[in-house]
Amino acid sequence: MEVNRLLGDELAYELSIRNLPIGNTVEEKRMLLREALRKEKSNLMTVPQTVLLDADSELLEDIREIPVDKVLAFARSTEGHTRVKLDLVSKAAQLIGDLNLAYGGLSTSQVERPNDPDLLNRSILDEPNRINPPNRSILDEPNLLLPEIEPGRHEATSMSYDLVKVSGENAEAGRSGQPQCRRGVRIQEPPYPMTNSSVVQRNPPREATRMPSVANPVEDNRPTSVPGEGGVSKDQLLKSAPELFMEDALFWYRTSHFNSWDDLTGKLREAYFQPYDYEYMLWDEIRRRTQGAQENVVNFVGAMENLFRKLPHLPSEETRLQLIKRNLLPYIQVQLSTQSTATITESIRLSRGIEETERRVQRFLPPPTN
Numbered sequence: 001m002e003v004n005r006l007l008g009d010e011l012a013y014e015l016s017i018r019n020l021p022i023g024n025t026v027e028e029k030r031m032l033l034r035e036a037l038r039k040e041k042s043n044l045m046t047v048p049q050t051v052l053l054d055a056d057s058e059l060l061e062d063i064r065e066i067p068v069d070k071v072l073a074f075a076r077s078t079e080g081h082t083r084v085k086l087d088l089v090s091k092a093a094q095l096i097g098d099l100n101l102a103y104g105g106l107s108t109s110q111v112e113r114p115n116d117p118d119l120l121n122r123s124i125l126d127e128p129n130r131i132n133p134p135n136r137s138i139l140d141e142p143n144l145l146l147p148e149i150e151p152g153r154h155e156a157t158s159m160s161y162d163l164v165k166v167s168g169e170n171a172e173a174g175r176s177g178q179p180q181c182r183r184g185v186r187i188q189e190p191p192y193p194m195t196n197s198s199v200v201q202r203n204p205p206r207e208a209t210r211m212p213s214v215a216n217p218v219e220d221n222r223p224t225s226v227p228g229e230g231g232v233s234k235d236q237l238l239k240s241a242p243e244l245f246m247e248d249a250l251f252w253y254r255t256s257h258f259n260s261w262d263d264l265t266g267k268l269r270e271a272y273f274q275p276y277d278y279e280y281m282l283w284d285e286i287r288r289r290t291q292g293a294q295e296n297v298v299n300f301v302g303a304m305e306n307l308f309r310k311l312p313h314l315p316s317e318e319t320r321l322q323l324i325k326r327n328l329l330p331y332i333q334v335q336l337s338t339q340s341t342a343t344i345t346e347s348i349r350l351s352r353g354i355e356e357t358e359r360r361v362q363r364f365l366p367p368p369t370n
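Mapping the sequence shown onto full-length UniProt numbering, position 310 (from 1) lands on 310, and the numbers just tick up by one.
See below:
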């Protein structure tokens with residue numbers, strides 16, 4: 001009997017007639033059946049003499065009418081399909097054995113084995129012509145790589161989340177295969193609408209509680225006041241605030257009261273993220289931020305405006321314009337000094353023209369000489 005070619009229900013049947021426990025998986029059933037057959041061959045266990053079906057049952061009557069000799073003849077004629085041949089021979093051997101127990105008169109010796117003695121020990125990779133012919137569907141081939149699923153068997157799956165800190169001793173135990181977490185915790189979706197998942201994230205990592213990712217979503221993304229128009233309103237952000245914090249930051253949020261999102265971000269900066277001289281340090285960085293040699297005017301002005309927005313109070317456009325003009329590249333400052341500009345947009349337009357003129361000057365070539 002080829003154990004490897006029996007399915008789950010056939011393995012369970014063979015174990016049942018031997019009064020052996022039935023394993024949970026197909027591999028366990030095959031292991032138990034192999035051990036039983038080995039003991040039967042060594043006369044350490046008696047060969048089963050009964051079947052589970054009644055000898056007068058209609059099922060056995062139908063089985064008895066099967067032309068076993070034709071099945072064996074078909075199995076012997078499947079040349080070039082070694083795997084199919086072995087499957088049919090194994091099934092026929094099991095069928096004859098069951099009929100012999102129920103009625104008597106048949107013997108498993110009627111099943112002819114392949115002539116090649118090394119055929120059973122040969123690897124599937126050694127078989128010739130492994131490519132399926134064009135007229136044969138790949139769905140017709142038995143898939144030996146996929147696990148066999150028994151009908152009516154369902155295994156429940158559970159999700160686990162790491163909700164508590166694990167001490168050093170428990171962490172060592174966790175490496176040995178013991179889970180150190182609570183199981184069966186289900187996460188419910190928030191009751192508030194979510195229109196921009198990139199701004200408000202659910203259960204962010206520990207690093208997400210820092211100020212750049214929590215206190216600046218409004219400043220960086222500029223959400224609209226109406227939901228669904230490319231952003232999230234400040235009211236929605238305030239309602240979703242409990243989902244943004246964890247551990248100490250969440251405890252701080254629950255023990256405080258906030259009237260608006262701006263109030264929350266301001267108190268958050270003061271409580272955790274801003275040093276005592278934060279505004280002084282930021283102004284110092286703004287004054288020292290100059291335009292790079294390979295940095296265009298548009299990128300430089302954008303970086304300066306971003307620093308201005310981080311101040312507690314946004315300076316006037318006149319103040320911002322003066323600081324931006326003072327930190328431009330020297331050749332741009334020289335050209336802008338001859339022009340009168342009142343807005344940042346106008347200064348950017350003139351500065352881009354100066355940059356383009358400088359590039360043309362650098363690419364200038366003298367006329368060829370005769």
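Where a beta carbon is used, it is the ideal one built from N, C-alpha and C, also for glycine. Nothing here was measured: the structure is a model prediction, and the numbers come from that model.
Minimum Cβ-Cβ distance from residue i to chain C less than 8 Å
i, result
"SER240", "Included in the structure is just one protein chain, with no chain C present."
Three-state secondary structure (DSSP) of residue i
i, result
"SER347", "helix"
"PRO330", "helix"
"VAL239", "One detail in the question is off: residue 239 reads as Lys in this sequence, not Val. Residue state, collapsed to three classes: helix."
"PHE251", "helix"
"VAL47", "coil"
"TYR272", "helix"
"GLY302", "helix"
"ALA171", "Low per-residue confidence applies at ALA171: pLDDT is 49, beneath 50, and the placement is therefore not dependable, though the value from the model is reported in the following sentence. Helix at ALA171."
"GLU358", "helix"
"GLN294", "coil"
"PHE258", "coil"
"ASP277", "coil"
"GLN339", "coil"
"GLU2", "coil"
"SER42", "coil"
"ILE286", "helix"
"ARG18", "coil"
"THR369", "coil"
"VAL26", "helix"
"LEU33", "helix"
"LYS325", "helix"
"HIS154", "In this prediction, HIS154 scores a pLDDT of 48, lower than 50, which makes its location untrustworthy; no coordinate-derived value is stated."
"PHE245", "coil"
Cα-Cα separation between residue i and residue j, rounded to whole angstroms
i, j, result
"PHE258", "VAL334", "49 Å"
"HIS313", "THR357", "37 Å"
"SER233", "TYR253", "20 Å"
"ALA303", "ARG320", "12 Å"
"ALA342", "PRO367", "41 Å"
"GLU243", "ALA249", "11 Å"
"ALA12", "GLU247", "52 Å"
"TYR331", "THR338", "12 Å"
"ASN306", "THR369", "52 Å"
"GLU27", "GLU10", "13 Å"
"SER42", "THR25", "26 Å"
"ILE354", "GLN322", "18 Å"
"SER340", "ALA271", "44 Å"
"GLU295", "ARG352", "12 Å"
"LEU237", "THR265", "11 Å"
"TYR278", "LYS310", "10 Å"
"GLU317", "ARG288", "19 Å"
"ALA36", "PHE245", "60 Å"
"LEU328", "TYR276", "30 Å"
"ARG349", "TRP283", "26 Å"
"GLN362", "GLU285", "32 Å"
"LEU365", "PHE308", "42 Å"
"THR290", "SER347", "16 Å"
"MET31", "ARG38", "11 Å"
"THR46", "GLY8", "23 Å"
"GLU112", "GLY23", "Residue confidence is low: GLU112 scores 46 on pLDDT, short of 50, so the model does not pin down where it sits. No coordinate-derived value is stated."
"PRO48", "LYS29", "17 Å"
"ALA208", "ASN4", "Residue placement at ALA208 is flagged as unreliable, the pLDDT there being 37, under the threshold of 50; the coordinate-derived value follows with that caveat. Rounded to whole angstroms, ALA208 to ASN4 spans 53 Å at the Cα level."
"GLY292", "THR255", "46 Å"
"LYS267", "ILE324", "30 Å"
"ARG269", "ILE344", "29 Å"
"LEU44", "LEU20", "14 Å"
"LEU15", "ALA241", "59 Å"
"GLU40", "LEU6", "18 Å"
"PHE251", "LYS239", "16 Å"
"ARG360", "ARG326", "24 Å"
Taking 8 Å as the threshold, find out whether the stretch 290-301 comes into contact with the stretch 258-270 through three or more Cβ pairs. no
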